Amino acid sequence: MKSILELIEKKNQEYAQLPFFKYMEDETINPRQKLAFAPVIAPLAMEFSELCKRILRDEPTTDYIQQMVNVHTHEEHFHWQWLLEDMEKMGIDYPMRFSDAVRFLWSEHTLVSRSMLPLFERYTRGAHPIIKLVAIEVSEVTANVFFRSTKYAALQLQETTQAEFRYFGMRHNHIENTHTLHTPASLQTMRDIEVPEEIRQQILEFIDVAFEYFTDLINEFFAYITTHSYQEPFARVYQSERSLRPV
C-alpha cells in the first residue's frame with residue numbers, strides 16, 4: 220500500500236496548485252466573498268454523509284481494514300450540519316421558495332458537487348475494503364488541502380461576527396487532521412497492507428478518476444465565487460432558471 224499512498228500524495232500536491240487555492244490566499248479579497256461558494260458545496264456534504272452511512276460502512280465485520288473504514292465513517296458523517304450552521308452565520312441562509320431551492324440544487328452550478336455519490340458508489344459498493352480505504356484516503360487528503368485554504372477566511376469572519384465557523388474554520392481543519400485513520404499507528408498499518416494484484420489496477424483507475432473529480436469540483440467552486448457576489452449569491456441562478464419556459 221505504500222506505493223499507492225505515495226501516488227495519492229503526488230497527485231494531491233498537484234491538486235493543491237489549482238487557482239482556487241491561490242484565490243483563497245489573496246488578502247485583498249473579502250472573506251465573505253471567498254466563502255460565497257458555500258451553497259455549491261451543500262450537495263457534496265450531504266452526499267458524503269450518505270456515502271459513509273450507506274456504501275462504505277459494513278457492520279458488523281471481522282475484517283480489520285473494514286473496521287478502519289467503519290470507524291472513519293462514524294467520525295465523518297455528521298459534518299454537513301456544520302456547513303448549514305456556517306451558512307446561517309454568514310448571512311446567506313435565505314428564506315426561499317421550495318421550487319427555487321430545487322432549481323439551485325439541480326442547476327449547472329452544482330453539477331459536479333452533486334455527482335460525487337454515484338461516482339464513488341460505482342467503485343466502492345460491495346468492493347474490497349482496501350478500495351474503500353483508498354476512497355477515504357483520497358477524500359481526506361484533498362479535504363485537508365481544502366479546509367486549510369478556507370480556515371483563514373473563516374477566522375476573519377469569526378473576528379467580526381464573534382461566532383465560530385465550524386465547517387470552514389479551525390474545528391473542521393483540526394478534525395480532518397486528527398482522524399483515527401491518521402494516527403501514527405493507523406498510518407503504519409495502512410502502509411503495511413498488502414494489495415492483491417487483482418484489485419491493484421482498479422485502485423489505480425479509481426485514484427485517477429477521484430482526483431479528476433475533486434479537480435473539477437474545486438474548479439466549480441472557483442467559477443462560482445468569481446461570478447457571484449456574496450451579497451446576492453443566488454441572483455444569477457434565479458434570473459437564468461426562472462427565465463426558462465416549458466416547451
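Residues in the sequence shown are numbered consecutively from 220, following this note's numbering.
We treat Cβ as the ideally placed atom computed from N, Cα and C, and that holds for glycine.
All of these numbers come straight from a predicted model, not from anything done at the bench.
Keeping to the same chain, check which residues put their C-beta closer than 8 Å to that of residue i; ignore five residues upstream and five downstream.
i	result
THR380	LYS308
GLU484	A query on residue 484 cannot be resolved here, the shown segment of the chain reaching from 220 to 466 and no further.
ILE426	ILE223, LEU226, ILE227, LYS230, VAL353 and VAL357
GLU417	none
ILE350	TYR342, THR343, ILE418, GLN421, ILE422 and PHE425
VAL360	ILE227, GLU228 and ASN231
HIS401	GLU359
Among residues of its own chain, excluding the 5 on either side of residue i, which ones have a beta-carbon nearer than 6 Å to its beta-carbon?
i	result
THR369	PHE387
PHE433	THR361
ARG276	ASN289 and THR292
ARG464	Low local confidence applies: a pLDDT of 47 at ARG464 is under 50, so the model's placement there is unreliable, with the coordinate-based value given in what follows. Same-chain partners within the cutoff: there are none.
TYR449	ARG251, GLN252 and ALA255
LEU436	VAL331
Going by beta carbon distance, what residues of the same chain come within less than 7 Å of residue i, once the five residues before and after it are set aside?
i	result
GLN375	PRO250
PHE256	PHE440, TYR443 and ILE444
ASN392	PHE366, ARG367 and LYS370
Measuring straight from C-alpha to C-alpha, what distance separates residue i and residue j?
i	j	result
PRO403	LYS229	20 Å
TRP299	ALA261	8 Å
PHE267	THR247	32 Å
GLU327	THR281	43 Å
HIS293	PHE441	30 Å
PHE297	ALA264	9 Å
GLN377	HIS447	22 Å
TRP325	LEU302	19 Å
GLU278	MET287	11 Å
PHE384	ALA372	10 Å
VAL414	LYS221	10 Å
GLU304	VAL259	15 Å
VAL321	ARG410	43 Å
GLU272	TYR283	The residue you asked about is not Glu; residue 272 is Lys in the sequence shown. Whole-angstrom Cα-Cα distance: 18 Å.
ALA382	ARG390	12 Å
PHE323	GLN285	36 Å
Nearest CA to the CA of residue i: which residue from the options?
i	options	result
ILE412	HIS298, PRO348, THR329 and GLU295	PRO348
ALA362	HIS398, TYR449 and LYS351	HIS398
VAL331	GLU431, ARG385 and ARG276	GLU431
LEU336	MET389, MET306, ALA429 and GLN407	ALA429
GLU451	GLN285, PHE239, LEU338 and GLY310	GLY310
ASN438	TYR449, THR329 and GLN252	THR329
Please confirm if the segment 232-245 is in contact with the segment 314-334, defined as three or more CB-CB distances below 8 Å between the two stretches. As far as the Cβ criterion goes, the segment 232-245 does not touch the segment 314-334, which means the pair count is below three.
Are there three or more Cβ pairs, one per stretch, closer than 8 Å when the segment 223-243 is compared with the segment 357-371? Contact between the segment 223-243 and the segment 357-371 is present, because at least three Cβ pairs lie under 8 Å.
Only counting runs of 4 or more residues, tell me where the alpha helix (DSSP H) segments fall wholly within the segment 385-455, in order along the chain. Every alpha helix (DSSP H) stretch that sits fully inside the segment 385-455 and reaches 4 residues is listed by chain position as 389-396, 403-411 and 416-444.
Which runs of the alpha helix (DSSP H) at least 4 residues long sit entirely within the segment 309-383? Give them in chain order. The qualifying runs are 317-324, 335-343 and 348-380.
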